[in-house]
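Each residue of the sequence shown is one higher than the one before, starting from 2 at the first, in the numbering used here. Comments concern the structure below.
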Amino acid sequence: MGDVTTDSPVLLLAPRVNETGLQLRTAAGLRGLRARTAASWQAPRELLGARVHVYGGPLFGDAVGRELGLALLEPSADWLARLPRVSTGRRVSATTLAEARGLRGPAFVKPPADKLFAARVYPDGGALPGPELLDGDTPVLVSEVVRFRAEYRLFVLDGAVRAGSRYAVDGELSVAPLGRDDREVAVFARDVLAASASAAPLPSAVVVDVGRTDDGWAVVEANAAWASGGYAAEPGDVLDVVLRSSGPAGQLGAADRPFCRELPDVVR
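What follows is the structure, given as structure tokens:
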């Protein structure tokens, strides 16, 4: 790609582009949006001052976000724990790794955003990463163990589902369009987003994962759209959510300011 003017929006993809990134690059091209894959884990000098949106993991966002003047939206770390139990289908608490190390029985434990350690069921707190690996003040979510029979990814824009896909069945990867479950997913998602609006607000562009358990429907988690796989969701609709979730800070609406990822300074 040649020189980029400040008036020409660009979708910048992480160097290790995945299938969703390839789909987004095609979708961007179809609507006349410039797209390129970064050559390294540094902000391209020719894009400084341009209108840039990014798609990639947290490491890529941290590496280029501040220099490119981006606002990267992500849900609050305690979002899941603030939802009513009718939405989560289980007890969920937001705590620290130090507290979680004291667990005496099995629990599903995960870092809320960055993948600092494996998100899975731990037999007790002693099986979690020790203080020699991670600080005790590391935020974690601790959940009652439930079995999700099927799981679905929903790309949400302005409080409404824009695109979705099934991504797992009985804990194994199983990608498919929503199909016969789309009505049930839509009804549950509408209820969750309504409850979230008052109890636990979300950024205007976000990913929410939901699933079907033996007892009904439940929220799995929420994630940053700019760092989430699209699976079988319509790429053009996914692109709309990604662009809002990772655009220039100067275009950020007031309601989204509390959801901006804290970006580190990068020394070249």
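Glycine included, every Cβ here is placed at the ideal spot set by N, Cα and C. Quick caveat, the model's predicted, so the values are computed rather than measured.
| Item | Value |
| --- | --- |
| Stretch pair the stretch 165-173 + the stretch 143-151: three plus CB contacts closer than 8 Å | yes |
| Among 57, 34, 31, nearest to residue 42 - alpha-carbon criterion | 57 |
| Pairwise C-alpha distance: residue 73 and residue 51 | 16 Å |
| Selection from 180, 144, 224, 90 that minimises the alpha carbon distance to residue 216 | 90 |
| Between the CA atoms of residue 95 and residue 81 - distance to the nearest angstrom | 8 Å |
| Exposed unless 16 or more other CB atoms sit within 10 angstroms - verdict on residue 248 | buried |
| Bridge partners - residue 121, DSSP secondary structure assignment | 110 |
| Same chain, Cβ closer than 6 Å to residue 126, neighbours up to 5 away in sequence not counted | 101, 102, 103, 104 |
| Residue 246 burial status per 10 Å Cβ neighbour count (16 or more: buried) | buried |
| Beta-carbon spacing of residue 70, residue 250 below 7 Å | yes |
| Sheet register partners of residue 153 (DSSP bridge) | 167, 211 |
| Three-way DSSP call (helix, strand, coil) for residue 35 in this model | strand |
| Contacting residues, own chain, Cβ-Cβ under 7 Å from residue 78 (five flanking each side not counted) | 95, 113, 114, 140 |
| Integer Cβ distance of residue 38 from residue 230, believed to fall under 8 Å | Actually they do not touch by this definition, with Cβ atoms about 17 Å apart. |
| Residues near residue 97 in its chain [Cβ-Cβ closer than 8 Å; skip 5 each side] | 137, 138, 139, 140, 141 |
| Neighbour-count burial assignment, residue 134, 16 or more Cβ in a 10 Å radius | exposed |
| With 16 other Cβ atoms within 10 Å as the buried cut-off, status of residue 265 | exposed |
| is_contact[residue 173, chain D] using C-beta, thresh 7 Å | Considering every chain present, this structure includes no chain D. It has just one protein chain. |
| C-beta contact flag for residue 186 and residue 144 at 7 Å | no |
| Cβ-heavy atom distance, residue 20 to the ligand GDP, below 6 Å | Only the bare structure without any ligand can be found here, which leaves the ligand GDP out of the picture. |
| For residue 225, the nearest candidate out of 109, 203, 32 (CA to CA) | 203 |
| Buried or exposed (CB count within 10 angstroms, at least 16 for buried), residue 243 | buried |
| Sub-7 Å separation of residue 36 and residue 68 beta-carbons | no |
| Whether residue 234 touches residue 177 by CB criterion (7 Å) | no |
| Cβ-Cβ distance between residue 190 and residue 162 below 7 Å | yes |
| Nearest residue (CA-CA) to residue 263, options 53, 13, 66 | 66 |
| First through last residue of the alpha helix (DSSP H) which encompasses residue 94 | Premise fails: residue 94 lies in the beta strand (DSSP E), 93-97, not in any alpha helix (DSSP H). |
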